[in-house]
Amino acid sequence: MKTAKQLLISTIAVLIFFTGYAQKPKYIFFFIGDGMGIAQAQLTNQYYTEKEGAGLSFWKFPYRGFIATDATNSYITCSAAAGTALATGQKTSNGTISMTSDHSCDLKPLTIYAQEMGYKTGIISSVNINHATPAVFFAHNEKRGNYYELAMDLPNYGIDLFAGGGLLSPQGSEGGMPCAYENAQKKGYQIPNSLSEFKKTPKGSKVLFSSKKALDSDILTYRIDRPEDYPSLGDITAVSAQVLDNPKGFFMMVEGGAIDWTSHDNDAAAVIGETYDFDLAVREAIKFYEKFPAQTLIIVTADHETGGMALGSTRMSYASDYQALSNQKASYNAIADKISKAIESGSSKEQCMAIIADFTGLGAAVELNEAEKAELGAAYEASLAFVNKTGEPGREYGRSNPLAVKAVKMLAEKAGIGWTTWSHTAVQVPIFAIGAGAQEVSMAQSNDDLARAIHKIITGNNLEGVPCIKK
Ligand SMILES: [Zn+2]
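Heads up: the sequence shown runs through residues 9 to 479, numbered per the numbering used here.
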């Protein structure tokens, strides 16, 4: 016979098991789609729903909200200020890495609170690991551009795992400084050379898996340009979760960093690729949620929106044709490179337009009217001046290679997608959440609020005042 006390305990245990509530999550996944506004996510969701019958995994998460992203000195934030708020619960000024806006104090990031509570910690990004969004979780700096200092700070907090893009300026901007990879190695980090080596990381050791070492590239190659045997952000997240798994659980931040970079290029097809790649990482977290629903928390959000993407364009009025984007076979970067090389080697206008047709479908599978042909013609002339350094391409072309810029932007507009800027915008960004604590995090109203809600879940306490680490 069970005693009344035993019955009460087992009833509570059953309730916790079935509701997934009132239990501190063991596995916390914090996904940040850099530059991922609602339009980037909705476009990717609809594109894949049309194409494959299934869209983004996180699109249907049961808890959702919106957060304000403004910095202390601007409605429009950069990734450093937005990341600082998401990592520390304290807003700061643009350009600042986890310090207050007056730079008087270093702010304590969630990764360190998680460590203190016994979690293992991991930081993963599709772009450079010492770029602003990952850096706010392990470093402090007055300037986000101090890449070498940020790279040297990498081992300081003893974070268990770093994975993704290579370190920028590992020997300083001029070269010749002590190597940041060697610094990490000296401080106990293993640096595997391949995904399979990364998988074999012995339990308990610290690891830095860098695409610079594994693939000899700075960042994870954009999905649209990626050879099939290259790892995705999902592959890296899966291995990271396996390496970090332990009886006390882990806190993992995963950044889809190139959603921002491709949005800066107003390159809608590449944005879809990067947002989908980011979702592959979320799907790895969902595997944990499916096994341990009461012990897993998944948060998917963004630091800000980039590009002013809108799902509607003047060229298309009320129509949309997202599948037109499947004609694009390479990123803006790769197409620009091809156009520059063609012009440098003396190719004709017709040959350049053939490259555009091959890689965007414009003038081939995607029909052009006379006005559009004239627009591409003008962009070609501007590209000649750009490549031969006889003229500035101007703001219309984002000061980049005009013909490639115009082609990817025109294809996007013909798919029914508009862009307003080459920079970030001030609009709020979405939160999607599922699992233990999902409701609490979805109620956050701004990026600093969200970090404070996560802090409460990790520690059980409210984050009071400014979380300074004394220098
Ligand atoms: Zn950006």
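Note that the Cβ used here is the ideal one computed from N, Cα and C, for glycine as well.
Q | Buried/exposed call for D285, threshold 16 Cβ in 10 Å | A | buried
Q: May I have a chain-ordered list of the alpha helix (DSSP H) segments no shorter than 4 residues that lie completely inside the stretch 26 to 75?
A: 46 to 60
(Q) Any contact between the stretch 81 to 94 and the stretch 143 to 154? By contact I mean 3 or more CB pairs, one from each, below 8 Å. (A) yes
Q. Which of the three DSSP states, helix, strand or coil, is assigned to Q98?
A. coil
Q. Who are the near neighbours of N254 in its chain, counting only those whose CB is closer than 6 Å to its CB and skipping five residues on each side?
A. K128
Q) Is T314 near ligand 1, going by C-beta to nearest heavy atom under 7 Å? A) yes
Q. When every heavy atom of ligand 1 is checked, does at least one fall within less than 7 Å of the C-beta of D268?
A. yes
Q) Between T108 and V474, what straight-line distance do the alpha-carbon atoms span, to the nearest angstrom? A) 9 Å
Q) Which value, in whole angstroms, describes the spacing of the CA atoms of M451 and N274? A) 31 Å
Q: Check whether the Cβ atoms of G369 and N396 sit closer than 8 Å, and answer yes or no.
A: Contact: no.
Q | Identified DSSP bridge partners for N149 | A | I105
Q. Using DSSP with H/G/I as helix, E/B as strand and the rest coil, what is Q359?
A. Assigned with DSSP and collapsed to three states, Q359 falls in helix.
**Q.** Length at least 4, wholly inside the stretch 312 to 364: the alpha helix (DSSP H) runs in chain order
**A.** 340 to 352, all fully within the stretch 312 to 364.
**Q.** CB contact flag (A568, Q31, <8 Å)
**A.** Any property of residue 568 remains undetermined from this structure, which presents the chain solely from 9 to 479.
Q. If you follow the alpha helix (DSSP H) that E455 is part of, which residue opens it and which one closes it?
A. Note that residue 455 is Asn in the sequence shown, not Glu. Its alpha helix (DSSP H) spans residues N455 to T467.
Q: Output yes or no for whether 8 Å exceeds the beta carbon distance between T283 and Q54.
A: no
Q. So is the beta-carbon of S240 under 7 Å away from any non-hydrogen atom of ligand 1?
A. no
Q. So the alpha helix (DSSP H) F170 belongs to, where does it begin and stop?
A. No alpha helix (DSSP H) contains F170, which is instead part of the beta strand (DSSP E) from L169 to G173.
**Q.** Among F367, L333 and E358, nearest to A344 - alpha-carbon criterion
**A.** F367
Q: Output yes or no for whether 8 Å exceeds the beta carbon distance between A441 and I306.
A: Cβ atoms of A441 and I306: closer than 8 Å.
Q: Run the CB neighbour count on E292, radius 10 Å, all protein chains shown included, and call it buried at 16 or more, exposed below.
A: E292 is classed as buried because its beta carbon has at least 16 other beta carbons within 10 Å across all chains shown.
(Q) Using a 10 Å radius around the Cβ and a threshold of 16 neighbouring Cβ atoms, would you call Y29 buried or exposed? (A) Note that Y29 scores a pLDDT of 47, beneath 50, so its modelled location is shaky; the value from the coordinates is reported in the next line. Y29 should be labelled exposed.
Q) Around the C-beta of S356, are 16 or more other C-beta atoms found within 10 angstroms, so that it is buried, or is it exposed? A) exposed
Q | Expected contact under 8 Å - CB spacing of N136 and D226 to nearest Å | A | 6 Å
Q.
If I follow the unbroken beta strand (DSSP E) through L392, where does it start and stop?
A. Counting along the chain, L392 sits inside no beta strand (DSSP E); it lies in the alpha helix (DSSP H) bounded by residues E378 to V395.
Q. Exposed or buried, what is P438 when buried is set at 16 or more other beta-carbons lying within 10 Å of its beta-carbon?
A. It is buried - the Cβ of P438 has at least 16 other Cβ atoms within 10 Å.
Q: Tell me, please, whether the stretch 204 to 222 touches the stretch 256 to 268 by the rule of three or more beta-carbon pairs shorter than 8 Å.
A: At 8 Å Cβ cutoff, the stretches do not touch.
Q: Specify, as a first and last residue, the run of the beta strand (DSSP E) that M260 falls within.
A: F258 to G264
**Q.** Own chain partners of F69 with C-beta closer than 8 Å, once the 5 adjacent residues on each side are dropped
**A.** Correct list, in chain order: I306, V308, F440, A441, I442 and A446.
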